[in-house]
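S.K.: Residue numbers (the UniProt record's numbering): 1 to 291.
All C-beta atoms in this analysis are idealised placements derived from N, C-alpha and C, irrespective of residue type, glycine included.
The structure that follows is given in the form of structure tokens.
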């Protein structure tokens with residue numbers, strides 16, 4: 001991709017790149033790109049369209065039966081505690097949503113020519129909405145959504161698709177000291193996932209950085225949950241993504257989902273005292289193994 005890009009810029013007059021990146025307003029750049037896209041779309045033939053439908057991993061339908069998936073969705077929403085507000089997110093989100101707060105490479109999301117990107121991680125989007133509600137004065141924010149996302153990075157393995165559905169929880173609140181807030185948020189999230197997955201739920205945590213949260217897990221979280229919440233000391237995945245402590249949410253080794261604490265609402269609000277916990281699972285994987 002980088003080689004193609006460099007060859008393209010080399011064909012244009014010097015300064016073209018700077019002009020497109022910084023020299024045009026968003027509306028001006030959008031108008032130019034819309035013209036280019038309109039002219040390219042006018043050249044698409046029915047035969048070419050059919051070929052793209054068959055070959056393009058971004059547009060191929062999922063192999064999951066929607067009737068089965070809806071039943072899983074309904075079960076998740078029915079189990080959700082009333083303290084969580086349901087949010088119906090847009091299929092697109094502002095350009096830079098993932099790269100600005102989650103430091104994800106922009107090449108891993110599908111950018112549009114209208115200054116947006118196709119939703120690729122609803123935890124990022126819910127964190128923005130949580131920050132909006134926290135700024136408006138809401139004391140403690142609990143949000144949930146179920147969204148189909150598209151990710152640009154290639155996925156290996158049979159049945160893997162560029163688009164899939166996630167059921168997501170995001171909670172944000174102000175720090176009260178000694179990781180008490182973090183413990184309360186953990187209990188809210190983990191209790192829900194245990195209710196959904198049942199006694200076979202595999203709930204784990206990994207402390208990438210030591211903090212008082214380990215003590216709160218021992219004296220507050222585990223007693224409140226009343227179920228196994230074990231430490232996964234082998235995990236290294238997402239060590240740079242989550243802020244200190246990550247979660248594993250699974251059943252039968254299927255890799256259903258994960259979560260953890262982030263700095264996203266703190267960064268969005270410019271307040272280091274903000275705490276944000278995210279967690280999610282793949283509804284399609286849950287459907288396949290049996291909800």
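When you compare the CB positions of residue 130 and residue 141, do they come within less than 7 Å of one another, or not?
M.R.: Yes, the pair counts as a contact, with Cβ atoms nearer than the cut-off.
S.K.: Helix, strand or coil for residue 147 per DSSP?
M.R.: DSSP places residue 147 in strand when its eight states are reduced to three.
S.K.: Flag this pair as yes or no: are the beta carbons of residue 170 and residue 143 separated by less than 7 Å?
M.R.: In contact: residue 170 and residue 143 (Cβ atoms closer than 7 Å).
S.K.: Leaving out five residues on either side along the sequence, give the residues of the same chain with a beta carbon under 7 Å from the beta carbon of residue 158.
M.R.: Any answer about residue 158 is weak, because its pLDDT of 49 lies below 50 and its placement is not dependable; what the coordinates show is given next. Counting only Cβ-Cβ distances below 7 Å, and skipping sequence neighbours, we find nothing.
S.K.: Counting pairs of Cβ atoms below 8 Å between the segment 239-256 and the segment 204-213, do you hit three or more?
M.R.: Because the criterion of three Cβ pairs below 8 Å is met, the segment 239-256 and the segment 204-213 touch.
S.K.: Where do the ends of the alpha helix (DSSP H) carrying residue 36 lie?
M.R.: 26-41 is the extent of the alpha helix (DSSP H) around residue 36.
S.K.: Specify the secondary structure class of residue 158 as computed by DSSP and reduced to three states.
M.R.: Confidence in residue 158 is poor, its pLDDT being 49 and thus under 50, which makes the residue's placement unreliable; the coordinate value appears in the next sentence. Three-state DSSP puts residue 158 in coil, outside helix and strand.
S.K.: Which same chain residues end up closer than 7 Å to residue 73 when comparing Cβ atoms and leaving out the 5 residues on each side of it in sequence?
M.R.: 146, 283.
S.K.: Tell me where the alpha helix (DSSP H) around residue 191 begins and ends.
M.R.: 180-197 is the extent of the alpha helix (DSSP H) around residue 191.
S.K.: For residue 125, write down the residues that DSSP places opposite it in a beta bridge.
M.R.: Bridge partners of residue 125: none, in fact.
S.K.: May I ask you to verify whether the segment 24-32 touches the segment 108-124, counting CB pairs closer than 8 Å and requiring at least 3?
M.R.: Verdict: yes, contact present.
S.K.: For the candidate residues 183, 252, 166, whose alpha-carbon lies nearest to that of residue 89?
M.R.: Per the Cα distances, 166.
S.K.: Need the endpoints of the alpha helix (DSSP H) that residue 67 sits in, please.
M.R.: Run containing residue 67: 66-79, per the alpha helix (DSSP H) assignment.
S.K.: Per DSSP, what kind of secondary structure is residue 263 in: helix, strand or coil?
M.R.: Looking at residue 263 - three-state DSSP - the assignment turns out to be coil, as it is neither helix nor strand.
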